[in-house]
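Data block below; observations after.
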Amino acid sequence: MNNKDINVITVDGPSGTGKGTIGQLLAQRLGYHYLDSGALYRLLALAAMRHKVPLDNVDALTVLAGHMDISFEMNCDGDAPVVILEGEDVSSTIRTEEMAVGASTVAVIPEVRQALLGRQRAFVDSPGLVADGRDMGTVVFPDARVKIFLTASPEERADRRYKQLMDKGESVSLAALVESVRTRDERDSNRQVSPLRPAADAIVLDTTGMTISQVLDRACVIVSEILSR
Numbered sequence: 000m001n002n003k004d005i006n007v008i009t010v011d012g013p014s015g016t017g018k019g020t021i022g023q024l025l026a027q028r029l030g031y032h033y034l035d036s037g038a039l040y041r042l043l044a045l046a047a048m049r050h051k052v053p054l055d056n057v058d059a060l061t062v063l064a065g066h067m068d069i070s071f072e073m074n075c076d077g078d079a080p081v082v083i084l085e086g087e088d089v090s091s092t093i094r095t096e097e098m099a100v101g102a103s104t105v106a107v108i109p110e111v112r113q114a115l116l117g118r119q120r121a122f123v124d125s126p127g128l129v130a131d132g133r134d135m136g137t138v139v140f141p142d143a144r145v146k147i148f149l150t151a152s153p154e155e156r157a158d159r160r161y162k163q164l165m166d167k168g169e170s171v172s173l174a175a176l177v178e179s180v181r182t183r184d185e186r187d188s189n190r191q192v193s194p195l196r197p198a199a200d201a202i203v204l205d206t207t208g209m210t211i212s213q214v215l216d217r218a219c220v221i222v223s224e225i226l227s228r
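Taking numbering that gives the first Met the number 0, the leading residue of the sequence shown gets 0, the next gets one more, and so forth.
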């Protein structure tokens, strides 16, 4: 089967909108493969830290991006995929706030994004793929059959992140997280390469005040309506 015949569903949006959870649950419900593109940038930030590569060394980061020893192992029990870097399970490590900031830093580098482009497109496989990120529908998979863009207020997104980090035992300031969310939004939306924005043909869904179950149900309706056309 030609990759062009395989359904690709993109779920884009800023951090804290639930796109990772929705993307994963949507893939499970449809029986599709799943790509967490943000994990690739977090992995690069972690790999750079471990190999002592400065985040402003573009050449070294680009080489590292193209040759990282990474893999994603799907869980048969429906949990999030296990993320492996150089043989080590780093699923929890890459979810720290430090790695989130590092990922946002390296993600603005055009050479890095180009180096990871092919690795992301290689995830397309039968029967289909759900890919979440920030430029899945605009750059990585511009011909995707279904494009969903999730959004939510900065305050709610910061609150969601605050609860996640507190559950992990990390001491954080909610006010600082709100400021971090706003700063990251501005950086991601105004970067020259792959700015954060909905694709022209994306369905925008505001998740403010919605539960995960409600967002998933709405996303499933969107997918069903578009794929049945």
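Positions of the beta carbon are idealized from the N, C-alpha and C atoms, including for glycine.
N-terminal and C-terminal residue of the alpha helix (DSSP H) that residue i is part of
{"i": "VAL129", "result": "Segment 127 to 132 is the beta strand (DSSP E) holding VAL129; no alpha helix (DSSP H) there."}
{"i": "GLU185", "result": "173 to 189"}
{"i": "SER103", "result": "96 to 105"}
Coil, strand or helix - residue i by DSSP
{"i": "ASP166", "result": "helix"}
{"i": "ASP88", "result": "strand"}
{"i": "SER212", "result": "helix"}
{"i": "ASP205", "result": "strand"}
{"i": "VAL81", "result": "strand"}
Host beta strand (DSSP E) of residue i (start-end)
{"i": "ASP35", "result": "32 to 35"}
{"i": "ILE8", "result": "6 to 11"}
{"i": "ILE147", "result": "145 to 150"}
{"i": "ILE69", "result": "69 to 72"}
Cα-Cα separation between residue i and residue j, rounded to whole angstroms
{"i": "ASN6", "j": "LEU128", "result": "6 Å"}
{"i": "PHE71", "j": "VAL81", "result": "6 Å"}
{"i": "ASP124", "j": "ARG159", "result": "32 Å"}
{"i": "GLN23", "j": "VAL214", "result": "13 Å"}
{"i": "THR207", "j": "GLN113", "result": "33 Å"}
{"i": "VAL57", "j": "LEU45", "result": "15 Å"}
{"i": "ARG133", "j": "PRO109", "result": "14 Å"}
Member of the options whose CA lies at the smallest distance from the CA of residue i
{"i": "VAL145", "options": "GLU224, GLN27, VAL62, ALA59", "result": "GLU224"}
{"i": "VAL111", "options": "ALA26, SER188, HIS66", "result": "HIS66"}
{"i": "VAL10", "options": "PHE140, SER91, LYS3", "result": "PHE140"}
{"i": "GLY86", "options": "LEU60, LEU42, ALA114", "result": "LEU42"}
{"i": "THR92", "options": "VAL52, ALA59, MET48", "result": "MET48"}
{"i": "ILE21", "options": "ILE69, MET209, SER170", "result": "MET209"}
Open item on the list: Does the region 94 to 102 come into contact with the region 37 to 48, if we say contact requires no fewer than three beta-carbon pairs (one atom in each stretch) closer than 8 Å?
Closed with: Short answer: they touch.
Open item on the list: Quick check: the region 165 to 181 against the region 200 to 208, are at least 3 beta-carbon pairs closer than 8 Å?
Closed with: The region 200 to 208 is not in contact with the region 165 to 181.
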